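All remarks here apply to the structure that follows.
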Amino acid sequence: MTSPKKLFIKTYGCQMNVYDSERMAEALKGYEQTDTPDDADMILLNTCHIREKAAEKVYSELGRYKPLKEARPDLKIGVAGCVAQAEGAEIMRRQPMVDLVVGPQSYHRLPELEAKASAGEKALDTDFPIDDKFEHLAARPKAARGPTAFLTVQEGCDKFCAFCVVPYTRGAEVSRPVARILTEARDLVARGVREITLLGQNVNAYHGLGETGAEATLAQLIWQLDKIDGLERIRFTTSHPNDMTDDLIEAHGTCAKLMPYLHLPVQSGSDRILKRMNRSHTRDSYLRLIERIRAARPDILISGDFIVGFPEESDQDFADTMDLIREVNYGQAFSFKYSPRPGTPAAERPEVEPALADARLQELQALIAQQQKTIQDSMVGRELDVLFEKPGKLEGQMMGKTGYLHAVHVKDCPLPRGAMARVRIVQSVRNSLAGELITA
Ligand code: SAH
Ligand code: SF4
Ligand code: F3S
């Protein structure tokens, strides 16, 4: 028997790419994963195109592999993900040592593409086939898993925000059928998973085929998952404010397995900019929505995304965003300086002075950091359920997460990975909490 070849995958971008990388590794039978490119037979970069910096990283990373490829011409180099979709054959022109390019909707063709590349040909597939790629990907092998997992339920986006490449790289919005998601979830639980995060670029727009033949909402899917014994926690990301339906809001108040954390990006607090972004919600509709969500689940931790320096953003527009942040009080947020993306409508518009955008970003991040810290500090003294994920850096220590997604370190913890326990929070440090097990 020949020994398996080695596969090194490097993943950039969002959680869906993390999920996709797992599935690609499973699809490439005959390979086992290695954590260094040095002894790999195949290097696969799973890329992100969301901002210019993210996309450029790919080319600098490829440059780093040049000596490896020169020393071992048999080494195959592949580019997957959103840069592969956006740039296609251009990647091979710019970096001729790339053997394989595969877009996010063509992963199920990876084995064929790998065979082609191994035979010394260039292999490229960036089609948007209509079949469900997940069905064609190899079934997950029955190997044990850690306590948390991602599961893609919806992919693509039809919203076309003026700044965003996702509708072009991931294609039109598609939801997977409920039955297939339940099968995958049960399999994950059988392998040790206790928390599943449902993924979608617009996950709350989910409308997959239900088991009764009618379309199911995300809330209905969550209630189905709720019945799986051994699955303790359910999360979902990323949601769009316009798709926060009443049944989903209600589930946050009534479904015990649904965690009190919601990532709900708003991007800007100015109606003028929201309109120019083609976001289709207003500052006011967002604020009212947050109120309704908090009425259903008062302790929910709200997280968001912000873009600063969007074309034409004035001082007043930015002040409106800061004001919205003060009103919402975020437990967590990601913020970015606007990056013009080729092919998107906003890329044609006059840019905000970069130094001004930088200054605004710093100001916004300082406010978010302060809110984040206040909310994290408020956990001290509370007793919370913690799902333990892995050993901490110190001897005998374990790291887990609360329902609010805060990391908690517990010293001298006898519990294994995957255990769930009641913990008293005793201290809030820079990026985590410290806690003590509550013994009955
Ligand atoms: N589907 C998610 C977002 C996916 S992209 C949603 O609708 O919110 C993740 C985040 O990247 C976005 O929320 C946005 O804040 C940021 N982003 C997207 N395009 C960007 C661009 N051109 N420049 C800067 N940030 C961008
Ligand atoms: Fe991009 Fe907007 Fe779609 Fe989110 S909703 S993926 S920001 S186009
Ligand atoms: Fe990036 Fe594609 Fe995800 S552009 S953020 S990897 S959907």
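With my numbering as the guide, the letters of the sequence shown map in order to residues 17 to 456. Just so it is clear, CB atoms sit at the ideal spot from N, CA and C, and this is done for glycine as well. Since this is a predicted model, take the numbers as computed values, not measurements.
Sub-7 Å separation of residue i and residue j beta-carbons
| i | j | result |
| --- | --- | --- |
| residue 116 | residue 87 | no |
| residue 290 | residue 284 | yes |
| residue 12 | residue 356 | A query on residue 12 cannot be resolved here, the shown segment of the chain reaching from 17 to 456 and no further. |
| residue 391 | residue 347 | yes |
| residue 108 | residue 248 | no |
| residue 413 | residue 425 | yes |
| residue 97 | residue 63 | yes |
| residue 405 | residue 163 | yes |
| residue 403 | residue 200 | no |
| residue 317 | residue 351 | no |
| residue 61 | residue 95 | yes |
| residue 281 | residue 315 | no |
| residue 2 | residue 55 | The chain is shown from 17 up to 456; residue 2 falls before or after that span and cannot be answered. |
| residue 250 | residue 265 | no |
| residue 395 | residue 323 | no |
| residue 202 | residue 244 | yes |
| residue 302 | residue 326 | no |
| residue 215 | residue 32 | yes |
| residue 161 | residue 208 | yes |
| residue 234 | residue 299 | no |
| residue 187 | residue 144 | yes |
| residue 99 | residue 118 | no |
| residue 304 | residue 276 | no |
| residue 92 | residue 124 | no |
Run of the alpha helix (DSSP H) containing residue i, from where it starts to where it stops
| i | result |
| --- | --- |
| residue 425 | Premise fails: residue 425 lies in the beta strand (DSSP E), 423-426, not in any alpha helix (DSSP H). |
| residue 74 | 68-80 |
| residue 282 | Neither: residue 282 is in no alpha helix (DSSP H) and is coded neither H nor E. |
| residue 228 | Run containing residue 228: none; DSSP gives neither H nor E here. |
| residue 269 | 262-270 |
| residue 342 | 331-344 |
| residue 196 | 194-206 |
| residue 238 | 234-242 |
| residue 30 | Neither: residue 30 is in no alpha helix (DSSP H) and is coded neither H nor E. |
| residue 102 | 98-103 |
DSSP three-state assignment for residue i, whether helix, strand or coil
| i | result |
| --- | --- |
| residue 150 | helix |
| residue 396 | coil |
| residue 120 | coil |
| residue 41 | helix |
| residue 301 | helix |
| residue 464 | Outside the displayed span of the chain (17 to 456) sits residue 464, for which this structure offers no information. |
| residue 406 | strand |
| residue 458 | Missing from the structure shown is residue 458; the chain here goes from 17 to 456 and no further. |
| residue 134 | helix |
| residue 217 | coil |
| residue 431 | coil |
| residue 182 | helix |
| residue 368 | coil |
| residue 18 | coil |
Bounding residues of the beta strand (DSSP E) (the contiguous stretch that carries residue i)
| i | result |
| --- | --- |
| residue 438 | 436-444 |
| residue 138 | Counting along the chain, residue 138 falls outside any beta strand (DSSP E), and DSSP gives it neither H nor E. |
| residue 416 | 414-417 |
| residue 47 | 47-49 |
| residue 176 | Note, residue 176: premise wrong, no beta strand (DSSP E); not H, not E. |
| residue 353 | 348-353 |
| residue 251 | 249-253 |
| residue 321 | 317-324 |
Whole-angstrom C-beta distance between residue j and residue i, which should lie under 8 Å
| i | j | result |
| --- | --- | --- |
| residue 294 | residue 178 | 5 Å |
| residue 227 | residue 272 | Not really, about 22 Å apart at Cβ, beyond 8 Å. |
| residue 222 | residue 169 | 6 Å |
| residue 5 | residue 185 | Because the chain in this structure spans residues 17 to 456, residue 5 falls outside the shown range and cannot be described. |
| residue 85 | residue 113 | 5 Å |
| residue 438 | residue 401 | 6 Å |
| residue 254 | residue 217 | 7 Å |
DSSP bridge partner residues for residue i (one or two, in chain order)
| i | result |
| --- | --- |
| residue 59 | 24 and 93 |
| residue 211 | 164 and 249 |
| residue 450 | 425 and 443 |
| residue 420 | In the DSSP output, where bridge partners are listed per residue, residue 420 has none listed. |
| residue 274 | 250 |
| residue 190 | 171 |
| residue 259 | DSSP output for residue 259 lists no bridge partner at all. |
| residue 401 | 438 |
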